[in-house]
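K.L.:
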Amino acid sequence: MSHDEATRSTERRAQKARTREALLAGARALLADGEAVTVTAAAARAGISKATAYRYFSDPALLAVEAGLAVEVLPYAQVVNGAVTVRDKLRAISLYIFDLSVSHEAAFRQFLARNLDAWAADPGPRTRRGARRVAMFERALADLPVPIDPARKAALVNGLTAATGTEAMIALLDTAETDRDTARATVLDTAEALMDRHLGPE
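Numbering (this note's numbering), first residue to last: 8 to 209.
#1: Given a cut-off of 7 Å, decide if Tyr63 and Leu30 are closer than it, judged by their beta-carbon atoms.
#2: Helix, strand or coil: how does DSSP classify Glu28 here?
#3: Nearest by alpha-carbon distance to Leu102: which of Ala68, Asp188, Leu37 is it?
#4: Can you list, in chain order, the residues of its chain with a C-beta nearer than 6 Å to that of Ala74? Leave out the 5 residues immediately preceding and following it.
#5: Beta carbon of Ala190, beta carbon of Leu179: below 7 Å?
#6: Under 7 Å between the Cβ atoms of Ala39 and Ala50?
#7: Out of Val141, Asp106, Arg94, Asp186, which has the shortest C-alpha to C-alpha gap to Leu206?
#8: Keeping to the same chain, check which residues put their C-beta closer than 7 Å to that of Val86; ignore five residues upstream and five downstream.
#9: By the DSSP assignment, the alpha helix (DSSP H) with Asp124 in it spans what residues?
#10: Identify, in the order they occur along the chain, each residue of the same chain with its Cβ nearer than 7 Å to the Cβ of Ala162, setting aside the five sequence neighbours on each side.
#11: Among Ala158, Arg52, Leu167, which has the Cα closest to the Cα of Glu199?
#12: Give me, in chain order, the residues of the same chain whose beta-carbon lies closer than 6 Å to that of Thr47; leave out the 5 immediate sequence neighbours on both sides.
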């Protein structure tokens with residue numbers, strides 16, 4: 008992937024994230040007003056067309072669940088507060104996303120279940136997840152004093168994305184049957200190994 012292609016990909020992802028966040032804000036406004044959450048109503052609140060909204064959410068229950076979860080997610084600046092180096096920021100993001108999943112385990116499991124239900128009902132292409140961790144990892148890597156190759160950057164972001172969050176929680180707690188402290192340490196170990204591979208030893 009060339010630098011221009013990587014830039015365009017990042018810009019597209021940022022635009023999708025803005026649209027998704029606008030829909031979630033519309034849904035939260037409906038919840039705050041005690042109104043039923045529908046995709047059409049959230050789109051109207053956000054000033055987004057119904058057709059566009061349905062590319063992001065076809066299931067109003069999934070929209071309502073994610074809108075509730077979105078309130079809990081701290082902004083990037085707070086997540087990396089106190090982190091000095093890029094590696095420190097990547098560590099902070101990895102652990103924050105994992106800790107967030109564990110501290111709201113039931114809600115995130117429900118959210119994942121609703122995503123799987125939505126996929127089973129309509130397995131066609133659609134933006135189903137908010138990808139907040141992806142945006143955070145990319146933002147942290149933008150602070151590298153010397154940018155790395157776009158393909159290597161993408162591989163690092165992909166690896167870190169797979170190694171944390173609800174998916175890692177389920178793999179470690181359910182499949183590997185670890186306790187939470189061991190699971191958290193494993194997330195950090197994996198993040199360190201990925202950073203060593205793609206950024207070089209610290």
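The beta carbon of each residue, even a glycine, is placed where N, CA and C say it ideally should be. Here the structure is a predicted model, which means the values were calculated and not measured.
P.N.:
Looking at the coordinates:
#1: Here the question's residue 30 lines up with position 23 in the sequence shown. Here the question's residue 63 lines up with position 56 in the sequence shown. For Leu30 and Tyr63, yes; Cβs fall inside 7 Å.
#2: Taking the sequence shown and counting its residues from 1, the one referred to as residue 28 is at position 21. Looking at Glu28 - three-state DSSP - the assignment turns out to be helix.
#3: As a working note, residue 102 is residue 95 in the sequence shown. Selected option, being the one with the closest Cα: Asp188.
#4: Reading the sequence shown from its first residue, position 67 is the one you call residue 74. Excluding sequence neighbours, Ala74 sits near Leu31, Ala34, Arg35.
#5: Looking up residue 190 in the sequence shown gives position 183. Looking up residue 179 in the sequence shown gives position 172. Against a cut-off of 7 Å, the Cβ pair of Leu179 and Ala190 comes out as a contact.
#6: In the sequence shown, residue 39 corresponds to position 32, counting from 1. In the sequence shown, residue 50 corresponds to position 43, counting from 1. Taking 7 Å as the Cβ cut-off, Ala39 and Ala50 do not qualify as a contacting pair.
#7: Counting from one through the sequence shown, the residue named residue 206 turns up at place 199. Considering only alpha carbons, the answer is Arg94.
#8: What you label residue 86 is simply residue 79 of the sequence shown in a count that begins at 1. Only Ala99, Ile100, Tyr103, Met143 meet the Cβ criterion.
#9: Translated into the one-based positions of the sequence shown, residue 124 becomes position 117. Where Asp124 is concerned, the enclosing alpha helix (DSSP H) stretches over 112-128.
#10: On the sequence shown, position 155 is the one that residue 162 refers to. Same-chain partners within the cutoff: His205.
#11: Taking the sequence shown and counting its residues from 1, one reaches residue 199 at position 192. Ranking Ala158, Arg52, Leu167 by Cα distance to Glu199 puts Leu167 first.
#12: The residue given as residue 47 occupies position 40 in the sequence shown. If we look at Thr47 and ignore the five residues flanking it on each side, its Cβ neighbours are Lys57.
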